[in-house]
DNA sequence: GTCTATAAATCGATAGAC
DNA sequence: GTCTATCGATTTATAGAC
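Protein chains in written order, with this note's numbering: chain A, 1 to 189; chain B, 1 to 189.
This is the structure we're talking about:
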């Protein structure tokens with residue numbers, strides 16, 4: 001079945017935002033990719049603010065679901081954290097893309113308030129999940145040297161996001177692996 | 001003595017780029033802040049590409065100098081790394097600003113080639129300095145548990161840059177301190 | 001070195017026909 | 001739901017007077 005226009009617009013907008021940033025994509029870009037006129041986009045999303053809020057909201061939900069899938073498929077904390085790292089690496093799309101939350105964070109002044117609170121919520125969700133994963137990994141001994149799960153979570157999320165920045169800037173995911181090597185070596189397999 | 005116009009433009013452009021991103025500032029913004037007409041900016045910097053390359057080049061030189069100052073003032077690896085962390089925190093300007101390298105990295109497709117290679121050079125310089133600092137800190141026992149300085153450097157730079165992202169997005173430097181807490185606790189004082 | 005004036009393109013958004 | 005047509009603002013950049 002063919003994608004409906006609204007979903008096609010969300011997909012195109014997410015890809016554009018993650019590749020070029022909030023101030024780097026326009027309705028004209030989406031119109032060309034989806035194959036409709038740019039005026040028609042306003043029927044589905046009245047403003048760019050509304051569209052941006054919609055893709056950030058959808059992105060958070062998809063990521064929460066992905067974390068649930070990891071929990072279902074991986075038993076140990078170490079395996080779960082390794083799976084999360086892999087997902088952040090996959091989000092790079094070969095060095096052409098970023099996590100939407102990372103991409104939006106450098107454009108704070110351009111963002112509507114809705115998007116900012118979505119970004120805050122996204123990170124809160126991620127930090128809670130990572131902290132729980134460290135707690136498990138400390139208990140089941142699948143992550144080495146866990147002292148404070150909350151502190152580890154804050155450090156890990158920063159590292160994941162920061163590692164994406166260099167990999168994106170140099171269009172080379174190897175830089176992501178480079179930054180995450182030390183953490184990965186703490187995980188049992 | 002009053003700042004010359006060219007320097008005033010560089011200062012204004014750097015501040016704008018670090019606050020709003022490459023695609024988020026315009027010649028009109030700089031003109032208003034510096035107090036000249038926007039056409040006059042082209043006399044000093046013919047294109048936005050040239051202006052951006054100039055601020056990135058100056059930023060790299062200033063940061064290299066700052067690292068030299070740290071080396072001169074701090075004897076141990078731990079003290080040097082702590083000073084670098086403090087500098088990344090100060091660059092936040094209370095949550096209103098980012099490292100220029102961080103800000104530019106999400107706008108790769110809009111950047112002229114000159115700026116991209118400057119960004120690559122900036123990170124290479126930082127990684128070399130951080131790795132050397134870890135090496136020293138391992139030797140003088142002022143940084144705990146140092147195994148591979150190069151890997152530590154890659155992880156640390158990612159963490160510094162990533163920690164800025166959240167602090168900027170939420171306009172609160174406390175989030176930066178949160179992410180860096182674990183690393184800071186490894187440093188002797 | 002700074003100005004006025006202007007160009008050509010693009011931005012997000014709206015009105016109204018179909 | 002998509003279209004054509006258009007609006008007003010803004011973008012980077014240039015020409016030429018002073």
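We treat Cβ as the ideally placed atom computed from N, Cα and C, and that holds for glycine.
Query	Result
Secondary structure at residue 187 of chain A, three-state DSSP: helix, strand or coil?	strand
Pop quiz: residue 142 of chain B and residue 77 of chain B are said to be a contact at Cβ under 8 Å. What is the actual Cβ separation, rounded to whole angstroms?	5 Å
Would you decide whether residue 145 of chain A is buried or exposed? Buried here means 16 or more other CB atoms lie within 10 Å of its CB.	exposed
Who are residue 143 of chain B's beta bridge partners in DSSP?	B/187
Please decide whether residue 152 of chain A counts as near chain B, where near means a Cβ-Cβ distance under 8 Å.	yes
In whole angstroms, give me the CA-to-CA distance for residue 193 of chain B and residue 11 of chain B.	The question about residue 193 of chain B has no answer here: the residues shown for chain B are numbered 1 through 189.
Do three or more CB pairs link the stretch 143–162 of chain A to the stretch 178–188 of chain A at distances below 8 Å?	yes
Could you give the distance in angstroms between the alpha-carbon of residue 36 of chain B and the alpha-carbon of residue 3 of chain B?	14 Å
Let me see if you follow: with CB-CB separation under 8 Å, is residue 102 of chain B close to chain A or not?	yes
Could you tell me the alpha carbon to alpha carbon distance between residue 111 of chain A and residue 17 of chain B, rounded to whole angstroms?	16 Å
Any idea if residue 105 of chain A is buried or exposed, counting beta-carbon neighbours within 10 angstroms, 16 or more meaning buried?	buried
Just the Cα atoms here: how many angstroms apart are residue 173 of chain B and residue 31 of chain B?	30 Å
How would you list, in chain order, the residues of chain B whose beta-carbon sits under 7 Å from the beta-carbon of residue 238 of chain A?	This structure cannot speak to residue 238 of chain A, because chain A is shown only from 1 to 189.
Any beta carbon of chain A sitting closer than 8 Å to that of residue 78 of chain B?	no
Hey, residue 51 of chain B and residue 79 of chain B are a contact pair by Cβ (cut 8 Å); roughly how many whole angstroms apart?	Actually they do not touch by this definition, with Cβ atoms about 37 Å apart.
Among the candidates A/90, A/176, A/55, whose CA atom is the shortest distance from the CA of residue 118 of chain A?	A/55
Rounded to whole angstroms, what is the Cα-Cα separation between residue 93 of chain A and residue 19 of chain B?	27 Å
For a cutoff of 8 Å on Cβ pairs, would you count residue 94 of chain B as touching chain A?	no
Quick check: the Cα distance between residue 168 of chain B and residue 179 of chain B, rounded to an integer number of angstroms?	13 Å
Alpha carbon to alpha carbon, what distance is there between residue 130 of chain B and residue 23 of chain B?	30 Å
For residue 89 of chain A, which of A/152, A/8, A/5, A/159 has the nearest alpha-carbon?	A/159
Using beta carbons (cut-off 8 Å, strictly below), is residue 106 of chain A in contact with chain B?	yes
Do you know how far the Cα of residue 148 of chain A is from the Cα of residue 43 of chain B?	55 Å
Measure how close the beta-carbons of residue 154 of chain B and residue 182 of chain B come, nearest whole angstrom, since I'm counting them as under 8 Å.	Not really, about 16 Å apart at Cβ, beyond 8 Å.
Can you give the Cα-Cα distance for residue 177 of chain B and residue 69 of chain A, rounded to whole angstroms?	31 Å
Tell me the residue span of the alpha helix (DSSP H) that contains residue 149 of chain A.	149–169
Any residues in the stretch 29–52 of chain B with a beta carbon nearer than 8 Å to a beta carbon of chain A? Which ones, in chain order?	none
Check each residue of the stretch 115–139 of chain A: if its Cβ is closer than 8 Å to any Cβ of chain B, include it; give the result in chain order.	116, 119, 120, 123
With a Cβ-Cβ cutoff of 8 Å, do residue 87 of chain A and residue 123 of chain B count as a contact?	no
For residue 19 of chain B, go through chain A and note every residue whose CB falls closer than 9 Å to its CB, in chain order.	108, 109
Kindly indicate which three-state DSSP category residue 224 of chain B falls into: helix, strand or coil?	Residue 224 of chain B lies beyond the residue range present for chain B, which begins at 1 and ends at 189; the question has no answer from this structure.
Could you list which residues in chain B have their beta carbon closer than 9 Å to that of residue 23 of chain A, in chain order?	20, 21, 22, 23, 24, 107, 110
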